[in-house]
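If you read the sequence shown in the working numbering, its first letter stands for residue -9, the second for the next number, and so on. Scroll down for the structure; my scribbles are underneath it.
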Amino acid sequence: MSYKVVDMIVGELCMIILRLLYCVSFLTVTCEFQTCAAFVSFVAAAVPTLYAMGRTANSLAKLADAAREELPGTMAAVRLSGMEVSDLTLELSDLSQEISAGVNKSAQAVEAAKVGIQQISARAREKTILMIEERANLPTISLQTVVSGAAKKTSRAVGRAARTFLNLISGGESNSEDIG
């Protein structure tokens, strides 16, 4: 409502009051005094109410003007916020699907690694058992004969090396018995 509407309402209120005054004057001429007094008291009681209605109409006009100025901007902001919330909801939905897919892939990779480790562990256990069984089935070799043979060969090699060294130091006399 604009101020023109308020002025029109106030003008109509004034016309209503003038008509009421006309009716009061008509009643005083044609009717009894009691009826006229009751009507006058009714009109007197209605005047503050009519003024209050005029003030209310003014306030309503100001409120309508403020709403007309502020409402379009507010509604545009609400629409924009709604679109942003919708976009964020879609992005969150996509992100949650991507995260879910990543978690599923990670779980599959962990499961595959677990199966691989179990297979390697089983194969290593089998190979270890086979190697132990092979070693257990080897023929027993007498260590005394192996050690005594190695000791004799080592003794001969040390003796030859000592004689060769002594020959080099003493001037190079070579003895064919010692070499053979």
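Ideal Cβ positions, reconstructed from N, Cα and C, are used throughout, including at glycine.
For the 8 Å Cβ check, are there 3 or more pairs between the region 38 to 45 and the region 73 to 93? No, they do not touch.
Since Leu50 and Val33 are thought to touch, with beta carbons under 8 Å apart, how far apart are those beta carbons, to the nearest angstrom? Contact between Leu50 and Val33 does not hold, since their C-beta atoms are separated by about 25 Å, which reaches or exceeds 8 Å.
Have a look at Asn127 and Met121 and give me their C-alpha separation to the nearest angstrom. The alpha-carbon atoms of Asn127 and Met121 are separated by roughly 10 Å.
Work out the CA separation of Ser71 and Ser86 for me, nearest whole Å. Those two C-alpha atoms are separated by around 22 Å.
Could you give the uninterrupted runs of the alpha helix (DSSP H) lying entirely in the region 77 to 104, keeping only those of 4 residues or more? The alpha helix (DSSP H) runs of length 4 or more contained entirely in the region 77 to 104 do not exist; there are none.
When Ala28, Met43, Ser31 are compared against Cys4, the one with the closest alpha-carbon: Considering only alpha carbons, the answer is Met43.
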